[in-house]
Amino acid sequence: METISFKLEVFEGPLDLLLSLISKHKLNICDIEISKLLEQYLLYIDQAHEQNLELAGEFLEMAARLIYIKTASLLPQPEEAEQLKKELEGALIEYSLCKIAAAKLASAFCGGDIFVRKPMKIKADMTYCLVHEPDRLALAYSAISQKTIKNEVSKLRVENKINSVVKRRIVSVMTKVVHILRELYDSGEVYMDKLYEGVTDRSARVATFLAVLELTRHGRITISEDNMMIFFKGRKNGVKKTWRSKKSSEQ
Amino acid sequence: MEIKEKLGAIEAILFASGEPIEIYRLSEASGVDAGTLPAMIRLLNERYDDYGSGICIKKLDSSYQMCTRDAFAPQIRTALETKRSAPLSNAAMEALTIIAYNQPVSKGFVENVRGIDSSSVINNLVEKGLVEEAGRLDVPGKPIVYRTTAVFLRSFGLTSVADLPPLPDQPSLTEDVAEDDGDISEETDT
Amino acid sequence: MEIKEKLGAIEAILFASGEPIEIYRLSEASGVDAGTLPAMIRLLNERYDDYGSGICIKKLDSSYQMCTRDAFAPQIRTALETKRSAPLSNAAMEALTIIAYNQPVSKGFVENVRGIDSSSVINNLVEKGLVEEAGRLDVPGKPIVYRTTAVFLRSFGLTSVADLPPLPDQPSLTEDVAEDDGDISEETDT
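Protein chains in written order, with my numbering: chain X, 1 to 251; chain L, 252 to 441; chain Z, 442 to 631.
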């Protein structure tokens, strides 16, 4: 067997990777073959793992999203899958336009060639001289949204706790998540024991365990009552909801 | 004589202020009314052109700034012993483009389009002075929104964001024109 | 042509360097030999004189520096001082209120509440005389803390910080955010 060694390309994000796969495999961006895209996408993630490339969580989220679209398309009523596919295509088209515009703008960059001066140091009175109603202060203060501030802080705290657990082997955990999803992808269920089969490395076992926890936490899988089996959960609200709620948080 | 003195004052003010100075401030300080100012600046720039001067005056939005001509960049770099600054990364260019074309926008908007966390990229753009805060959105969470700055305009040879090159109207990967369906516009609308 | 370009380079270098620049360095960077340099500078200064330009080149010891002409000092001062009357930006207003209601506080506190780097905003408030340093916190890093000033009170028509308008919802950020501890009570939320 010949071994092909090549350097894996690094992408700006999952959308960047998808665009590259779409162009490499000559897929139609306006009507993507999800199966093919998913296959190639998971292949990349596998290779990234083999080369110890650290991928951001968003890559995994996208893998889950693709798997979900694929699964939903197998249902008797594939309307939801169609809808999700359209959303993904929309996002891809938009991102590809952004990349074109960014490249065009970048070619106009001349910032490094134009020099300016620092302001001359002159003794001048810079004291503020406008007068405002004191209520402006209270208004400005409440505009910062203390509720958000607090939610953000508490969220941050929880995330830090999770990160401190997961961080050490973050690549492993993510890859294990993909492995589990792939196992589930074919049959929809898998024995817990099978996930640990042949896994002797302690950190790999820990990673598998954490991956199961992560997937459960996100409602992507369910575990049987006797903790023997894992089921792929047909989430009506999973990926789709996260995506939508993300979008609706804008304007 | 009158004009000569006013031109001198404009030059001195632009030189001293270093940063871009708003037209109304320049007008107030130089005693040249805002309507006449553009013509005066044109006179100065013509003179600099005639002489092949090392400096010029750029209009950035509603401000003017005196800067060096890019042709002399190598000599300046030698004198200041600075290296050519690294060009912006792809990630930074993407985020900057999204902000430039949709401003003001929140970090969440940028992340939606890019599909990946963009906090550090945006912080970096703020640090470089290419984008700045522009208030907060009045939606839950009151996210900060960002807009581009005069540094951005100067760095990309623009006088205002209205001069940005038109957006491409179709993706590069396929000949097919992007379908204009609801899902897409939901994301692209600002 | 040759000379024109060299004059341009000298101008650009002097403009960009800001500070006085040693003759040998100016010569090296502009490609004009040190012996010819004084003649070139004279040429430039004559040109500036002819035009009544706002700038000129001064010799200091073995250096040259580009400066404004003294005659325009009043206009320059006016230009810089017009900045005083520019209204506070949203970002500045936010930072100011956070300091006002929680003083004395460190920059870190302000950044925690705002969720964004606030160094330049705070520096700006100090420059405007609205806030001032009030010692250092006795914690690792000994951060500087800030408090509001008499200028602040005057600008907002207050006689003392005790007269600050009450906040719509009362939770003190000091407890919930800055120290980042304990449970967050939902009842106090808006």
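Idealized CB from N, CA, C, for every residue including glycine.
Bear in mind that the values here come from a model prediction, so they are computed numbers and not experimental data.
Under 7 Å by beta carbon: chain L residues contacting residue i
i, result
"Z:Lys499", "Chain L residues near Z:Lys499: none, gap ~13 Å exceeds 7 Å."
"Z:Ile462", "Ala330"
"Z:Ala532", "Glu384"
"Z:Gln516", "Ala260, Ala263, Ile264, Ala280, Ser281"
Buried or exposed (CB count within 10 angstroms, at least 16 for buried), residue i
i, result
"X:Cys110", "exposed"
"X:Met228", "exposed"
"L:Lys259", "Inspection of the sequence shows that residue 259 of chain L is occupied by Gly rather than by Lys. By the neighbour-count rule (16 or more Cβ atoms within 10 Å), L:Gly259 is buried."
"L:Ile261", "buried"
"X:Gln51", "exposed"
"Z:Thr600", "exposed"
"Z:Ile444", "exposed"
"X:Met10", "Here the sequence assigns Val to residue 10 of chain X, which means Met is not the residue at that position. So X:Val10 counts as exposed."
"X:Asn163", "Because X:Asn163 sits at a pLDDT of 47, beneath the cut-off of 50, its placement in the model cannot be relied upon, and the point is left open."
"Z:Val618", "Residue confidence for Z:Val618 is low, a pLDDT of 43 falling below 50, so the modelled location carries little weight; the figure read from the coordinates is stated next. Buried: at least 16 other Cβ atoms inside 10 Å."
"X:Glu133", "exposed"
"X:Ser203", "exposed"
"X:Tyr191", "exposed"
"L:Pro417", "exposed"
"L:Val226", "There is no way to answer for residue 226 of chain L, as the model of chain L reaches only from 252 to 441."
Interface partners of residue i on chain Z, CB under 7 Å
i, result
"X:Cys129", "Arg525, Ser526"
"X:Ala211", "Residues of chain Z passing the Cβ test: none, with the nearest at roughly 30 Å."
Proximal residues of chain X, C-beta to C-beta of residue i below 7 Å
i, result
"L:Thr348", "Cys98, Ala101, Ala102, Leu105"
C-beta contact flag for residue i and residue j at 8 Å
i, j, result
"L:Pro419", "X:Ala72", "no"
"L:Ile274", "L:Leu265", "no"
"X:Leu213", "X:Ile221", "no"
"X:Ile29", "X:Glu89", "yes"
"L:Ala285", "L:Ser278", "yes"
"X:Ala63", "X:Val178", "yes"
"L:Gly366", "X:Tyr95", "yes"
"L:Gly386", "L:Val396", "yes"
"L:Thr399", "L:Val412", "yes"
"X:Gln47", "X:Leu8", "yes"
"L:Gly380", "X:Ala108", "no"
"L:Gln316", "L:Glu270", "yes"
"X:Leu37", "X:Leu74", "no"
"X:Met126", "Z:Glu568", "yes"
"Z:Ala541", "Z:Leu605", "yes"
"Z:Ala520", "L:Arg276", "yes"
"X:Ile230", "X:Ala211", "no"
"X:Ile69", "X:Lys86", "no"
Chain X contact residues for residue i, given Cβ-Cβ distances below 8 Å
i, result
"L:Thr319", "Ile114, Phe115, Val116"
"L:Leu339", "Ala106, Phe109"
Nonlocal neighbours in the same chain, by C-beta distance under 8 Å from residue i, ignoring five residues either side
i, result
"X:Val13", "For the record, residue 13 of chain X in the displayed sequence is Gly; it is not Val. So the list reads Ala56, Glu58, Phe59, once near-sequence residues are dropped."
"X:Glu33", "Leu27"
"X:Lys247", "Annotation note: pLDDT 39 at X:Lys247 (below 50); position unreliable, no value reported."
"Z:Ile517", "Thr509"
"X:Tyr44", "Leu8, Leu17, Leu21"
"X:Leu105", "none"
"Z:Ile496", "Tyr489, Met507, Cys508, Thr509, Arg510"
"X:Val199", "Arg205, Thr208"
"X:Arg182", "Leu42"
"L:Ile292", "Ile261, Ile308, Lys310, Tyr315"
"X:Leu184", "Val190, Ile221, Ile230, Phe231, Phe232"
"Z:Asp494", "The sequence shown places Ser at residue 494 of chain Z, not Asp. Excluding residues within five positions, the ones whose Cβ falls inside 8 Å are Arg488, Arg510."
Listed by chain order, chain L residues near residue i by CB distance under 8 Å
i, result
"Z:Thr519", "Glu279, Ala280"
Per-residue contacts from residue i into chain X (C-beta, under 9 Å)
i, result
"Z:Gly549", "What Z:Gly549 touches in chain X: nothing, since even the nearest Cβ is about 14 Å away."
"L:Ser268", "Arg117, Pro119, Met120"
Cross-chain neighbours of residue i in chain Z, by beta carbon under 8 Å
i, result
"L:Ile367", "Within chain Z, no residue comes near L:Ile367; the closest Cβ sits about 20 Å away, beyond 8 Å."
"X:Pro76", "Simply none; closest approach about 43 Å."
"X:Ala56", "Here the premise fails: no neighbours, minimum Cβ distance about 21 Å."
Close beta carbons around residue i, own chain, < 6 Å, minus the five adjacent residues each side
i, result
"L:Ile349", "Val361, Val364"
"Z:Lys499", "Gln506, Cys508"
Own chain, CB closer than 7 Å to residue i, minus 5 neighbours either side, in chain order
i, result
"Z:Glu535", "Arg555"
"Z:Asn565", "Ala533"
"Z:Ser547", "Leu578, Pro584, Ile585, Val586"
"L:Arg335", "Arg328"
Test: residue i CB closer than 8 Å to a CB of chain B
i, result
"L:Val364", "Here the protein chains are X, L and Z, and chain B is not one of them."
Listed by chain order, chain L residues near residue i by CB distance under 9 Å
i, result
"Z:Ala475", "Ordered by position in chain L, no residue passes the 9 Å Cβ test against Z:Ala475, which lies about 14 Å from the chain."
Closer than 7 Å: residue i CB and nearest the ligand ADP heavy atom
i, result
"Z:Ala603", "In the structure shown, the ligand ADP is absent, as is every other ligand, since no ligand is present at all."
What residues in the stretch 575-609 of chain Z have a beta carbon less than 9 Å from any beta carbon of chain X? Answer set for the stretch 575-609 of chain Z: Val592, Phe593, Arg595, Ser596, Phe597, Gly598, Leu599, Asp604, Leu605, Pro606, Pro607, Leu608, Pro609.
Anything in the stretch 480-493 of chain Z with a Cβ closer than 9 Å to a Cβ of chain X? List those residues in chain order, please. none
Taking a Cβ distance cut-off of 7 Å, strictly less, list which residues of the stretch 14-26 of chain X are near chain L, in chain order. Pro14, Leu15, Leu19, Ile22, Ser23
Beta carbons nearer than 7 Å to chain Z: which residues of the stretch 214-226 of chain X have them? none
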